[in-house]
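So the sequence shown is numbered by numbering that gives the first Met the number 0: it starts at 0 and just counts up by one.
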Amino acid sequence: MDDKQYRRTKPPINSRITVVQNSDYKWGAIDEQGNVVVPFGKYAWIDGFQNGLAKVIGYNDSMSPNIVLHFTNWGDDNDMADDTRVAAQGIVNEAGDEVLPLEYNIWKFYGKDYPTIKYFKGEEEHTATFQSLNPSLATEKKNNKSE
C-alpha cells in the first residue's frame with residue numbers, strides 16, 4: 000500500500016484491512032492488495048479494524064464521532080439522554096458487511112485490549128465478544144496454532 004496516496008491511515012490490529020482517508024476526506028477500507036473493501040464515503044467515519052471488525056458512523060450522526068450522547072437537564076437528578084442526537088453507529092467485518100447495523104452507540108474498541116465490545120441502544124446495554132460478531136476469528140486463531 001502506498002501511504003502517500005492517502006491523507007490518513009489506520010493500520011489493522013489482528014486484521015488484514017487498513018482504514019484510509021482519501022484526498023476528498025472520505026473514509027474507506029482496503030485489503031493488503033489495495034482493493035477497496037468498504038467504499039469511500041459509504042460511512043462518515045470508520046475506526047481501525049481490530050480482530051476483523053471496525054466501528055463505523057453513518058451520515059445521520061449529528062455530532063462529533065467522539066461525542067455520542069446529548070443530555071438534557073445537565074446536572075439535574077433527571078438527566079436524560081436525547082436519543083434524537085445519538086450517533087448512528089454500527090460494526091463492519093473484513094468483507095465490508097455490517098455485522099451490527101447502524102442502530103447503536105458503540106464504545107471505542109480499536110487500540111484497546113478489551114475482550115468484548117459494549118454497545119447501547121437507548122437505555123439497553125449489550126456486550127458481544129469479537130468471535131460472536133466475527134465467527135471466522137476463532138477459526139483463524141485455531142488454524143494459526145496448528146501451523
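For every residue, glycine included, the Cβ atom is placed at its ideal position computed from N, Cα and C.
- Distances from the CA of Gln49 to each of Tyr109, Val55 and Thr8 were compared; the closest alpha carbon is that of Tyr109.
- For the pair Leu52 and Ile90, the CB atoms are nearer than the 8 Å cut-off.
- Per DSSP, reduced to three states, the secondary structure at Phe129 is helical.
- Beta bridge pairing from DSSP links Gln20 with Arg7 and Trp26.
- Closest in C-alpha terms to Ala87, from the list Asn104, Glu93 and Glu97, comes Asn104.
- Taking C-beta atoms as the reference points, Ile56 and Ala28 fail to come closer than 8 Å.
- In this structure, the straight-line span from the alpha carbon of Gln20 to that of Glu124 is close to 31 Å.
- Closest in C-alpha terms to Leu132, from the list Asp96, Arg6 and Gln32, comes Asp96.
- Assignment of beta-bridge partners to Ala53 by DSSP yields Val91.
- If you draw a 10 Å sphere on the C-beta of Glu93, you find 16 or more other C-beta atoms in it, and that means buried.
- Checking the DSSP bridge columns, you'll see Glu124 partnered with Phe119.
- Taking Val35 as the centre and dropping the five residues before and after it, the same chain places the C-beta of Gly27, Ala28 and Ile29 closer than 8 Å to its C-beta, in chain order.
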